[in-house]
Amino acid sequence: MNLNLYGHAGQWLMVDCGVTFNSPLSAQYSTVDGTPNAEVLAADPTFISQQKENLCGIVITHAHEDHIGALPQLWQRFNCPVYTTPFTAEVLRRKLSGLGLADKVPVIEVLSGATINIGPFCLHWLAITHSIPDPHALVIKTLAGTVFHTADWKIDASPITGRAFKSTIFKRLAQHNITAMVCDSTNALREGFSLSEADCHNALLQVVKAASGRVVVTGFSSNVGRLISLARIAAQTGRYLALLGRSLDNMVGVARATGYWPDELTVVDASHIGYLPKEEVLVIATGSQGEPRAALSRLADDNHPLLLLEQGDLVVFSSIIIPGNEMLISRLVEKFNARNIQTLQSHDTELPIHVSGHPNRGELDLLYRWVQPQIAVPVHGEAAHLAANADVAKAAGVPQQLTGLNGDLFVLAPVPRLWPGFVKAGRIALVR
Ligand SMILES: [Zn+2]
Ligand SMILES: [Zn+2]
């Protein structure tokens, strides 16, 4: 549930406003710091909502729920313009219209590569690669110093959607005297380099090619590159592609509306899929985390209105197990296996049927060496990930690393230091 605030000259800039999900079976998040055991949580925004006249803008880096999910419900507390790029803007507009806020919230569409002044901040949008279309890093310039905010990223030479990662863009930053690089730590404990979406396409192609019955693939709906890969695989293997689940329909709708969905890739109406020969069926279904109301759970319980699976069919998890969801997912797998429906999870195979959207240590090292910031500020991870990211920064020659906890303030200039507990690091429950 990312929510960053940058302060300069009495003004604040918000970058991202996300949620985190509480798994129904997870003990991990329940009633932490007295928070109700709600399904959806956001960072407590009291610090900034009490002085919203000093908030000059909100920027959303990309459309993942942990970066955008809380904004529709919290916006009225901030009441200021939202700046983001076209795919993310389309996702946001659909969320806002669901809440009747479409005409109230000023969403300012920014083109990739643009430079815009927001209050005392001069922002430059840099396209990067991740696991959703249209991810952007930000260069935030002020009279006191310049921040490079990476947001979520990886180095992907063939990301399926959007342009390949371009190192020259980031090498150029070294000439801009970057005061601090605020950087994604999610995979800082993993050695080497992440694999590309194209590697995942090839792995899934092999799996689908070898299957003789129906294939159901589950994963994250917002990974449009993965959805496009599966649509291509359907065409390559003589299958029809159908989508089961509202969030998949929504994401493909957004991708079509913003030009990310290739026109030649067809999706058949899900109501037809039950009538097709089994070897001609490829389905993408929501519910990779075992969510009880999602399509995959209904398939496991054999009560989906449009499709009944049978012996010899295959269910592929093109996803990770988010910590806390182990029980829900293993119950699902057991239900399929009990009916002789095969399942394939990442840990069952050497093939990369899922790839991460975050940088491994090799990628972190390269970006630090290219950008050459004065300070590294690792974010987006548990304490161990932040510490590992700081170690990579140090080894890459970054003179200073600042790691902290939620609610801490990092003073970046003129004298860098950590100010612990600057704001209350609480969580609030959102009703959905
Ligand atoms: Zn994220
Ligand atoms: Zn993300």
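Counting from 1, position 411 in the sequence shown corresponds to residue 476 in this note's numbering; the numbering is continuous, with no gaps.
Beta carbons: idealized from backbone N, C-alpha and C, even for Gly.
Small disclaimer: the values here were computed from a predicted structure and weren't measured.
For Phe487, the secondary structure class from DSSP, reduced to helix, strand or coil, is coil. Pairing Ser277 with Glu344 gives a Cβ-Cβ distance under 8 Å. Near ligand 2, meaning a beta-carbon closer than 5 Å to one of its heavy atoms, we find His129 and Asp217. By the Cβ neighbour-count rule, Leu78 is buried, with 16 or more other Cβ atoms within 10 Å of its own.
Between the region 269–283 and the region 469–486 there are fewer than three C-beta pairs closer than 8 Å, too few to call the two in contact. Per DSSP, Tyr325 lies in no beta strand (DSSP E) and is assigned neither H nor E. Residue pairing of Asn182 in beta bridges, as defined by DSSP: Cys187. For the pair Val319 and Arg159, the CB atoms are nearer than the 8 Å cut-off. Taken in chain order, the complete beta strand (DSSP E) segments of 3 or more residues contained in the region 375–399 are 379–382. Short of 6 Å from the beta carbon of Gln354, and not among the five residues preceding or following it, lie these beta carbons of its own chain, in chain order: Ile387 and Asn390. In this structure Ile406 touches Val380 by the C-beta definition: roughly 6 Å separates them, less than 8 Å. Taking 8 Å as the cut-off, the Cβ atoms of Asp81 and Ile125 count as close. In the DSSP assignment, Tyr148 falls within the beta strand (DSSP E) that extends over Val147 to Thr149.
In the DSSP assignment, Asp264 falls outside any beta strand (DSSP E) and lies within the alpha helix (DSSP H) extending over Glu262 to Ala275.
Annotation for Leu361: Thr283, Ala350 and Gly352 place their beta carbon closer than 6 Å to its own, counting only its chain and skipping 5 residues before and after. When only Cα atoms are considered, Cys187 and Asn368 end up about 54 Å apart. At least one heavy atom of ligand 1 lies closer than 7 Å to the C-beta of Asn67. Taken in chain order, the whole beta strand (DSSP E) runs of length 3 or more contained in the region 302–359 are 305–309 and 346–350. Beta-bridge partners assigned by DSSP to Tyr71: Leu78. Taking the Cβ of Asp131 as the reference point, at least one heavy atom of ligand 1 falls within a distance shorter than 7 Å.
With a cut-off of 7 Å, the C-beta of His450 is classified as distant from ligand 1, since no heavy atom of the ligand falls inside that distance.
Phe475 is bridged by DSSP to Leu483. For His214, the shortest C-beta to heavy atom distance toward ligand 1 is 7 Å or greater. Ala128 is positioned such that its CB atom lies closer than 8 Å to that of Phe152.
For His445, the CB falls within less than 7 Å of some heavy atom of ligand 1. Residue pairing for Glu174: DSSP places it in a beta bridge opposite Thr149. Taking a cut-off of 8 Å for Cβ pairs, the region 403–418 and the region 214–234 do not touch, as fewer than three such pairs fall below it. Take Thr302, set aside five residues on each side of it, and the residues of its chain with a beta-carbon closer than 8 Å to its own are Leu270, Val273, Lys274 and Leu347, in chain order. Using a Cβ-Cβ distance cut-off of 8 Å, the region 68–76 and the region 460–470 are not in contact, since fewer than three pairs of beta carbons, one from each stretch, lie closer than that value. In the structure shown, Gln465 falls within a strand segment according to DSSP collapsed to helix, strand and coil. The shortest CA-to-CA distance from His201 to any of Asp217, Asn288, Thr211 and Gly210 is the one to Asp217.
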